[in-house]
Amino acid sequence: MFSYRHAFHAGNHADVLKHLILVQLCTYMRRKEKGFSYVDTHAGAGVYALDQGYAAKSGEAGSGILRLWDAPRAGMPPLVADYLDAIASLNPDGQPRFYPGSPYLVWQLLREQDAMRLFELHPTEIDILRENFASAPRRIVIGQTDGFDGLRAALPPPTRRGVTLIDPSYEDKNDYRRTVQAVVEGLKRFATGTIAVWYPLVTRAEARRLPAELEAIQPDGWLHASLAISAPPSGQGLYGSAMFVINPPYFLGDTLRATLPYLVERLGVDGQASFSLTDRTV
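Converting from the sequence shown to the numbering used here requires adding 45 to each position, the first position being numbered 1.
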């Protein structure tokens with residue numbers, strides 16, 4: 046279970062979709078003065094070097110952030126521009142050498158009244174995560190534990206305002222079942238909280254069933270967006286990803302409608318690149 050290292054996939058097309066939505070969720074939370082909490086069930090290392098190590102070896106950033114980095118700002122959807130601005134803050138020389146994972150992206154958005162809880166079980170990743178957050182204040186808590194288990198104690202947050210990201214690797218097929226269970230239990234503890242679930246588009250049966258299982262949890266109050274950069278492969282390769290957001294901001298559906306076609310154009314690698322969007326907000 047410890048073979049997975051997100052550095053292999055840092056900055057790829059799946060990170061693009063996940064992180065541009067995550068930036069919007071947390072930016073929305075900042076609109077109110079009252080603090081919010083961010084919970085990350087599978088935090089990873091926090092920051093990744095794109096020009097060395099695992100990320101350089103895989104080259105997957107070439108399918109995502111590197112296709113957007115030098116894109117003209119004229120006509121670029123605001124969601125993409127906000128996302129690129131967040132990445133740029135970690136690369137002041139203008140070169141995309143470092144890619145911030147979900148925890149680091151959110152850390153840049155936190156105010157003094159906001160808090161963060163990060164869970165990571167991998168023995169190497171947790172050490173790197175702690176190093177990357179060595180200067181973080183005490184309101185950012187890092188735990189070496191299974192994020193599915195840690196979530197039970199993290200919800201509801203004291204402020205009753207928060208965003209939870211559930212994004213396991215899904216290399217273990219039980220992650221699909223545990224994700225659905227975590228959403229159900231999370232809503233019992235914190236019915237008004239925003240829960241964002243990332244999952245891969247792969248040809249695995251569990252991945253095909255997951256969307257319907259998530260949609261069945263509650264009849265409305267959710268948004269489901271997916272981005273495929275190619276036709277499904279004959280094997281188990283990743284050809285896209287999706288975000289399922291419960292209790293999303295009211296504007297997210299409209300902004301994604303204006304953003305996803307742009308991502309298809311920029312990130313698509315064949316004629317079957319596509320997106321889907323179902324918005325069941327009230």
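Where is the CB? At the ideal position from N, CA and C, for every residue including glycine.
Residue i - containing beta strand (DSSP E), residue span
i: G207; result: 207–211
i: M161; result: 160–164
i: H269; result: 267–273
i: G285; result: 285–291
i: V242; result: 239–246
Closer than 7 Å: residue i CB and nearest the ligand ATP heavy atom
i: R234; result: In the structure on display, the ligand ATP does not appear, and there are no ligands present to speak of.
For residue i, the nearest candidate out of the options (CA to CA)
i: P141; options: A116, R175, P294; result: A116
i: W96; options: A90, G89, A106; result: For the record, residue 96 in the displayed sequence is Asp; it is not Trp. The shortest C-alpha separation from D96 is found at A106.
i: D324; options: A318, R311, A270; result: A270
i: D60; options: L150, T239, T300; result: L150
i: K79; options: N57, H167, R156, G120; result: R156
i: M121; options: R76, D138, L308, V68; result: L308
Close beta carbons around residue i, own chain, < 7 Å, minus the five adjacent residues each side
i: E251; result: K218, Y221
i: A52; result: A90, Y93, G98, Y99, A100
i: M74; result: F81, R206, V208
i: R112; result: R311, L312
i: I171; result: E165, Q189
The alpha helix (DSSP H) enclosing residue i, as first and last residue numbers
i: I132; result: 123–133
i: W152; result: 147–152
i: S103; result: 98–103
i: R311; result: 297–312
i: D324; result: First-last for D324: 319–325, but that is the beta strand (DSSP E), not the alpha helix (DSSP H).
i: A257; result: 250–260
i: V228; result: 219–234
i: A94; result: Element bounds for A94: not the alpha helix (DSSP H) but the beta strand (DSSP E), 92–94.
i: D85; result: Element bounds for D85: not the alpha helix (DSSP H) but the beta strand (DSSP E), 82–85.
i: K63; result: 58–74
Own chain residues within Cβ distance below 8 Å of residue i, not counting five before or after
i: T86; result: F164, G192, F193, G195, L196, T209, L210, I211, D212, P213, A227
i: S275; result: Y284, G285, G313, V314, D315, Q317, A318
Own chain residues within Cβ distance below 6 Å of residue i, not counting five before or after
i: L259; result: F289
i: S286; result: A59, L62, P245, L246
Burial state of residue i, where buried means 16 or more other Cβ atoms lie within 10 Å
i: L235; result: Checking the sequence, you will find Phe at residue 235 rather than Leu. Buried, because 16 or more other Cβ atoms sit within 10 Å of the Cβ of F235.
3 or more residues per run - each beta strand (DSSP E) lying fully within the region 172–212: Considered as a whole, the region 172–212 harbours 185–188, 207–211 as its complete beta strand (DSSP E) runs of no fewer than 3 residues, in chain order.
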